[in-house]
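Enquirer: I have a structure I would like to understand better, so I am pasting it below and will then ask my questions one at a time.
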Amino acid sequence: MLNIAKNLYEYRELVAELTRKDVTIRYKQAYLGIAWAVLRPLALMLIFTLVKSFVGIESGDIPYPILTFAALMPWVFFQDATTEGIESVVKNSALVRKIYFPREIFPLTAVTTKLVEFCISAFILAGLMVWYQMVPTVYILWVPLIILYTLLVSMTLALIGAAINVSYRDVGTALPIMLSLLMYASPVIYPLQLVKDKLLVQQAAGEWSNLLYTIYTLNPLAGIIDSFQNVVLRSQLPDFSSMLPGMIMTAILLPLSYRFFKMEEPYFADVI
Amino acid sequence: MSIIEVNHVSKEYRLGTLTSLKDSAVNMVRRLRRQPAIQRTPFRALDDMDFSIEQGEVVGIIGNNGAGKSTLLKLLANVTTPTNGSIAVRGKVAPLIEVGAGLIADLTGRENIYLNATILGISRADIARKFDEIVSFSELEDFIDTPIKRYSSGMKIRLAFAIATSVNAEILIIDEVLAVGDLAFQRKCFERMENLIKNSGNTVLIVSHNIRQIERMCSRVLLLDQGKVAADGLPLDVADMFYRRSNEKISADHKKSLQGKVHKYSSGEIELLAVDLINDQEQITDTIPSGGTLRVRVKFQVNQALQRPEIIVGTHTTDFFYLSASSTALIENRPDLDVGIHEVDYIVPSFPLVAGTYCVRFAVFDQHQRKVFTGETLKIFTILPTSQDVLDAPMRRLYLPTQWRLDGVAHSSPTPVSTETASA
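Chains A and B, in that order, give the protein sequences. Each residue of the first sequence is one higher than the last, beginning at 392 in our numbering. Each residue of the second sequence is one higher than the last, beginning at 72 in our numbering.
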């Protein structure tokens, strides 16, 4: 563990430089430049708001557009970071074949790159908060921790996915599809409160309700999205009970994923 | 303690494409049934390689394509791991494997300098310090803020070389980077490399096909052949051996391709039995030193007596360019050929052609100029390079014994010595 941290510290300049490269080349010859980074969550927000006006989703006392945008921010970060992370090693095959540095730098850089875009969409969120006259409270200081946790969840998937993707490119194609399905199993379009009410309060699934809720929250994004909305919009502490199952799962899977990645690492240059 | 130790290292690659899903499934079923899985033939890129390199040595690595040079460098740079054996590298390695691996087309020269240098392990502070020097060395002052996709290929190579050679590490690994750009820049690169090597006292490994540069820069040379260390020693000795091996390979290839190209015509009166090259010790050979004696012995059976026939023996190149031909037509009292076996020797005291592969032709005409026998590519032989050829790429087709008169004083250039005698 300490070794990993030391390694990362040693290669911090490389991560920074590769991130800078990724961000620059992505928007270099685009007229709108980095504005594209926020266009997707913004567009999704508008669509969801439109859909909501037909179906009617209970959003509590918070305006639906800002609620769903606050859900989309960590979600889009997670989805993009994971997708890019999985493809990162293959995308850099020229470097993989020539120069050695710890290969986890690639998924890590991909994830960090998305962090930059996350920060840009934070400006949009701030704009929305001004529009709806919401004032941030001290709870907003939880955001870095929540995002760090999201980053770890992304890395869990990205490390194992990137390693498999070196031999079987199917992963790089299949995972984005699976992730977009996962969005519906995460409280992005609807707030977590809705699931809570249905399962914990109304016990809609009878004796299975509590178990179902635990399974639902095994998805780390359930807790992440809800907590993000809590600390930014609701001026509340994160809901730890809904975060716990996902956290336990990540704590078990991340080391396994890392070990798998390191086990495969020596063969990257041969099979890529 | 050696800075690099390679202990009985082998590296295998599996040939063929990635296993298909079907093959993987078939193999899995076989394994479950405890039957051996279908294996693809492995290819041994390195085969039990074993050597060590001391601190401060400048080691050249030479060998034909596919000898395992790049694989070895990859293993030393930790890009890939050996199948068997172990490698110990004690120190920071800066691999300059293929200049320009990390250049990004969309970034400007400036951005690429920072990126590529960081990838090579130079700290940001160091890059900032060396930045101006890198730019001025690559002669790109006016273009440094232009995306490098607008650069000419020469500009890209100059930039990459300048970045790569600003690395300061205990072990430098250089692959094929010496011959870059136009002549003037090549010279500059070469000087920079030499400075880097001589002044740093670092351990350097160079892979190149330019044997002369290797000879000049290295203190030791490894010759690789089919994944093995074929020779390890002083640059001149190893380079010499390499040249000899290459020549042998070239002439072997030539021979193979010429095998089917024997052109023969016979009227039936003469049957060819043997065409051989005879050396000074009266032994059959197929190599002679440049400038040495060429002695061709032709043995043939005459089925019908010929009166005063004309015999021609000559040489031609592998692409059938006739080089020499000598005829017995001018010999006044040349004999008749009776029925039976005859032997003719054709001797050129000093055959003046440079190293290469040549062929013998033979023809017999009767006294009325009627064609009795002609044949080409009857014998293929090799002329060995002189030690002088080893040093200079031969800029000539012929070797002629020469005399010089410099300011009225007579000098004679030394007789070329064949590598065979030189190394004996």
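A virtual CB, placed ideally from N, CA and C, is assigned to each residue, including glycine.
1. In the DSSP output, which residue or residues are listed as bridge partners for residue 78 of chain B?
2. Which full runs of the alpha helix (DSSP H) of 4+ residues lie inside the stretch 217 to 257 of chain B, going along the chain?
3. For the pair the stretch 174 to 183 of chain B and the stretch 514 to 530 of chain A, tell me if three or more CB-CB distances fall below 8 Å.
4. Give me, in chain order, the residues of the same chain whose beta-carbon lies closer than 7 Å to that of residue 554 of chain A; leave out the 5 immediate sequence neighbours on both sides.
5. Nearest chain A C-beta to residue 236 of chain B closer than 8 Å, yes or no?
6. Taking only three categories from DSSP, how would you classify residue 488 of chain B?
7. Residue ranges of each beta strand (DSSP E) run of no fewer than 3 residues wholly in the stretch 295 to 361 of chain B, ordered along the chain?
8. Within 8 Å (strictly less), CB to CB, does residue 459 of chain A reach chain B?
9. Per the DSSP calculation, residue 54 of chain B is bridged to which residue(s)?
10. Look at the alpha carbon of residue 226 of chain B and the alpha carbon of residue 219 of chain B, and state the distance between them as a whole number of angstroms.
11. Relative to the C-alpha of residue 82 of chain B, which candidate in B:73, B:118 and B:97 has its C-alpha closest?
12. Can you tell me the Cα-Cα spacing of residue 175 of chain B and residue 192 of chain B, whole angstroms?
13. Extract the residue ranges of the alpha helix (DSSP H) inside the stretch 419 to 480 of chain A, only unbroken runs of 4 or more that lie entirely within it.
14. Is there at least one Cβ from chain A nearer than 8 Å to residue 194 of chain B's Cβ?
15. To the nearest angstrom, how far is the alpha carbon of residue 539 of chain A from that of residue 213 of chain B?
16. Are the stretch 607 to 617 of chain A and the stretch 479 to 493 of chain A touching by the rule of at least three beta carbon pairs closer than 8 Å?
17. Quick one: is residue 342 of chain B buried, meaning 16 or more other Cβ sit within 10 Å of its Cβ, or exposed?
18. How many whole angstroms separate the CB atoms of residue 384 of chain B and residue 435 of chain B, which I take to be in contact at a CB cut-off of 8 Å?
19. Given this structure, state the Cα-to-Cα distance separating residue 417 of chain B from residue 369 of chain B, to the nearest angstrom.
20. Which residues does DSSP pair with residue 482 of chain B in a beta bridge?
21. Taking a contact to mean a Cβ-Cβ separation below 8 Å, would you say residue 469 of chain B touches residue 423 of chain B in this structure?
22. Counting only Cβ pairs nearer than 7 Å, list the residues of chain B close to residue 617 of chain A.
23. With a threshold of 6 Å on Cβ separation, who are the neighbours of residue 364 of chain B within its own chain once the five nearest residues in sequence on each side are excluded?
24. Could you give the DSSP three-state label for residue 83 of chain B: helix, strand or coil?
25. Residue ranges of each alpha helix (DSSP H) run of no fewer than 4 residues wholly in the stretch 571 to 610 of chain A, ordered along the chain?
26. In the structure shown, what three-state DSSP assignment does residue 657 of chain A receive?
27. Classify residue 502 of chain B: buried if its beta carbon has 16 or more other beta carbons within 10 angstroms, exposed otherwise.
28. Mind reading off the beta-carbon distance from residue 603 of chain A to residue 590 of chain A? Whole number of angstroms is fine, and I expect it under 8 Å.
29. For residue 404 of chain A, return the contacting residues in chain B, with the cut-off set at a CB-CB distance below 8 Å.
30. Between the stretch 304 to 318 of chain B and the stretch 190 to 210 of chain B, can you find at least three pairs of beta-carbon atoms closer than 8 Å?
31. Tell me whether the beta-carbon of residue 649 of chain A lies closer than 8 Å to the beta-carbon of residue 566 of chain A.
32. By the DSSP assignment, the beta strand (DSSP E) with residue 290 of chain B in it spans what residues?
33. Taking only the alpha-carbon atoms, compute the straight-line gap between residue 397 of chain A and residue 162 of chain B and give it to the nearest angstrom.
34. Going along the chain, which residues of its own chain have a beta-carbon closer than 7 Å to the beta-carbon of residue 576 of chain A, five neighbours each way excluded?
35. Residues of chain E with CB closer than 8 Å to the CB of residue 431 of chain A, please, in chain order.
36. Locate the alpha helix (DSSP H) running through residue 198 of chain B, then write down its first and last residues.
Expert: Reading it off the structure:
1. B:157
2. 224 to 235
3. no
4. 651, 652 and 655
5. no
6. Because residue 488 of chain B carries a pLDDT of 48, less than 50, the predicted location of this residue cannot be relied on, and the following value inherits that uncertainty. If DSSP states are grouped into helix, strand and coil, residue 488 of chain B belongs with coil.
7. 299 to 304, 334 to 337, 341 to 349 and 358 to 360
8. Taking a beta-carbon distance threshold of 8 Å, residue 459 of chain A does not count as an interface residue toward chain B.
9. With chain B running from 72 to 495 in the structure shown, residue 54 of chain B is simply not present.
10. If I take the Cα positions, the gap works out to 8 Å.
11. B:118
12. 17 Å
13. 427 to 446
14. Chain A contact via Cβ: present.
15. If you draw a straight line from the Cα of residue 539 of chain A to the Cα of residue 213 of chain B, it comes to about 43 Å.
16. Result no; under three Cβ-Cβ pairs closer than 8 Å.
17. exposed
18. The pair is not a contact, with the Cβ atoms about 10 Å apart (cut-off 8 Å).
19. 8 Å
20. B:475
21. yes
22. Residues of chain B passing the Cβ test: none, with the nearest at roughly 39 Å.
23. 420
24. In the structure shown, residue 83 of chain B sits in a strand (DSSP, three-state: E or B).
25. 583 to 587 and 600 to 609
26. The three-state secondary structure of residue 657 of chain A, taken from DSSP, is helix.
27. Here chain B comprises residues numbered 72 to 495, so residue 502 of chain B is not present and cannot be evaluated.
28. Right, the Cβ-Cβ distance comes to about 6 Å (below 8 Å), so this counts as a contact.
29. 189, 194 and 195
30. no
31. no
32. From DSSP, residue 290 of chain B is part of no beta strand (DSSP E); its letter is neither H nor E.
33. Each residue's alpha carbon lies about 18 Å from the other.
34. 610
35. You won't find chain E in this structure, because its protein chains are A and B.
36. 195 to 209
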